[in-house]
Amino acid sequence: MGRSPGPSDSEVHHELWQLPIRLAAGAYVLNSGLSKRGIPDEAAAGMHGMASGAFPQFSSMEPQEFVKQLSTGEIALGTALLLPFLPAGLVGAALSAFGAGMVRLYLKTPGMTDESGIRPTPDGIGLAKDVWLFAIGLALLIDALSDQPRD
Numbered sequence: 005m006g007r008s009p010g011p012s013d014s015e016v017h018h019e020l021w022q023l024p025i026r027l028a029a030g031a032y033v034l035n036s037g038l039s040k041r042g043i044p045d046e047a048a049a050g051m052h053g054m055a056s057g058a059f060p061q062f063s064s065m066e067p068q069e070f071v072k073q074l075s076t077g078e079i080a081l082g083t084a085l086l087l088p089f090l091p092a093g094l095v096g097a098a099l100s101a102f103g104a105g106m107v108r109l110y111l112k113t114p115g116m117t118d119e120s121g122i123r124p125t126p127d128g129i130g131l132a133k134d135v136w137l138f139a140i141g142l143a144l145l146i147d148a149l150s151d152q153p154r155d
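Here the sequence shown is numbered in this note's numbering, starting from 5 and rising by one per residue.
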């Protein structure tokens, strides 16, 4: 009897390594997005102000609208990471872009880094740790790109 069509054992095994990092990053980002729903105006203004410093294109948005869109994006990204049938390359590219944005926010926000411009101050540790999101996104993207057939 022949095998039914579907992924081979090696293909399934190859994808298994992604589960822990997709679950961890997905749950974290999804929770972050959900926790931003309905935040007070003062908190929204603080988030908006910090983001506008690193990304001036956000400065023209209303703080609550900014937070609503950020929340929606985080919920979508977190959910995508948790859905194992979505391609690793797709979610890896999205997480890499989001993680790169978080790293930029960390590097561009005054008071987050010491005089070296890289090492975090005590205030910057919360943002500096988000470099792991960027790394996970790159790992998923690199894995997907390395799986492409060569001519």
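Idealized CB from N, CA, C, for every residue including glycine.
### Message
Suppose you measure from the CA of residue 66 to the CA of residue 45; what does that come to, to the nearest Å?
### Response
Looking at the backbone, the Cα of residue 66 and that of residue 45 are separated by about 10 angstroms.
### Task
Identify every residue that forms a DSSP beta bridge with residue 124.
117
### Message
Am I right that residue 58 and residue 109 are in contact with their C-beta atoms under 8 angstroms? What's the rounded C-beta distance?
### Response
5 angstroms
### Task
Report the rounded CA-to-CA distance for residue 19 versus residue 148, giving the unit in angstroms.
10 angstroms
### Cβ-based neighbour list, residue 134, same chain, cut-off 6 angstroms, excluding 5 preceding and 5 following
106
### Message
Please give me, in chain order, every unbroken run of the beta strand (DSSP E) with length at least 3 that falls completely inside the stretch 12-99.
### Response
none
### Query
How about residue 96 and residue 137: do their beta carbons lie closer than 8 angstroms?
no
### Query
Does the stretch 74-92 come close enough to the stretch 114-121 that 3 or more CB-CB pairs lie under 8 angstroms?
no
### Query
So is residue 125 buried or exposed if we call it buried at 16+ other beta carbons inside 10 Å?
Exposed, by the Cβ-count rule.
### Task
Quick one: residues in its chain with C-beta nearer than 8 angstroms to the C-beta of residue 115, no 5 flanking neighbours on either side, listed in chain order?
125, 127 and 128
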